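If you're matching positions, the sequence shown starts at -11 in the numbering used here and goes up one per residue. By construction, the Cβ of each residue, glycine as well, lies at the ideal position given by its N, Cα and C atoms. Computed from a predicted model, the values in this text were never measured in an experiment. Beneath this line is the structure, given in structure tokens, with notes to follow.
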Amino acid sequence: MHARSTPSVGYEELKAFLTKRHRRLEKRQEARYQTNDAVEVEILQTGFPRVTAAIVDISRSGLRLLSEATIGKGAHLKITLERHLVIFGEVQYCRSARDGFHSGVVIQDVFYPARQAGKPKEKDRSRMRRRA
-11 MHARSTPSVG
-1 YEELKAFLTK
9 RHRRLEKRQE
19 ARYQTNDAVE
29 VEILQTGFPR
39 VTAAIVDISR
49 SGLRLLSEAT
59 IGKGAHLKIT
69 LERHLVIFGE
79 VQYCRSARDG
89 FHSGVVIQDV
99 FYPARQAGKP
109 KEKDRSRMRR
119 RA
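What follows is the structure, encoded as structure tokens:
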């Protein structure tokens, strides 16, 4: 006679356990998008210099920076992207990475600076039709 072994946990129970575990470990509720955008980072506490960094990935509520220097947890940042976009955020973590340090930043506000007021654009006269 051959004894039949029965697993102590069924497939459905194991699948449910692993799904719950994955949800606990993965706290992000939004998609992250890979990028490599150069930015200037200003730590808003007085006495800290501006640093250059790159946004490694971004979502609606957060981003990950790669910088050569550490940025302390809880630091409030002003991140400027090519003078067209300013992001204000708070550092949640800073970890050593292969090329420097990764800082996780929760986005608190996004600001689009107004374009400099200059001369009004002149109409392109080559497109204007003349009435006879």
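If I'm right that residue i touches residue j with Cβ under 8 Å, what's the distance once you round it to whole angstroms?
i, j, result
"L32", "A42", "Not quite, the Cβ-Cβ distance comes to about 20 Å (not below 8 Å), so this is no contact."
"Q80", "G92", "4 Å"
"V74", "A57", "That belief does not hold up - the Cβ atoms of V74 and A57 are roughly 20 Å apart, past 8 Å."
Can you tell me whether DSSP reads residue i as helix, strand or coil?
i, result
"R117", "Annotation note: pLDDT 47 at R117 (below 50); position unreliable, no value reported."
"E18", "coil"
"F5", "helix"
"E0", "helix"
"I59", "coil"
"G77", "strand"
"L32", "coil"
"R86", "coil"
"S91", "strand"
"A26", "strand"
"R52", "strand"
"A41", "strand"
"H72", "coil"
"K107", "Reliability fails at K107, whose pLDDT of 48 lies under 50, so the model's placement of it is uncertain and the value that follows must be treated cautiously. K107 falls in the coil class under three-state DSSP."
Given residue i, which residues of its chain have a CB within under 6 Å of its CB, disregarding the five upstream and five downstream residues?
i, result
"P37", "none"
"L51", "I43, V93"
"A63", "I31, V79"
Give me, in chain order, the residues of the same chain whose beta-carbon lies closer than 8 Å to that of residue i; leave out the 5 immediate sequence neighbours on both sides.
i, result
"A19", "S47"
"Q22", "V44, D45"
"H72", "Y100, P101"
"R115", "Confidence at R115 is low in this model, with a pLDDT of 46, below 50, so its placement is unreliable and the value that follows should be read with caution. Once the five neighbours on either side are set aside, R115 has no close Cβ partner at all."
If you count every other CB in all the chains shown that lies within 10 Å of the CB of residue i, and 16 or more means buried, which is it?
i, result
"G77", "buried"
"V29", "buried"
"V27", "buried"
Note down, in chain order, each residue of its chain lying with its Cβ closer than 7 Å to the Cβ of residue i, except the 5 sequence neighbours on either side.
i, result
"K66", "E30, L32, V74, F76"
"Q96", "F76, G77, E78"
Could you tell me whether any non-hydrogen atom of the ligand HEM is closer than 8 Å to the CB of residue i?
i, result
"G77", "Among the components of this structure there are no ligands whatsoever, and the ligand HEM is therefore not found."
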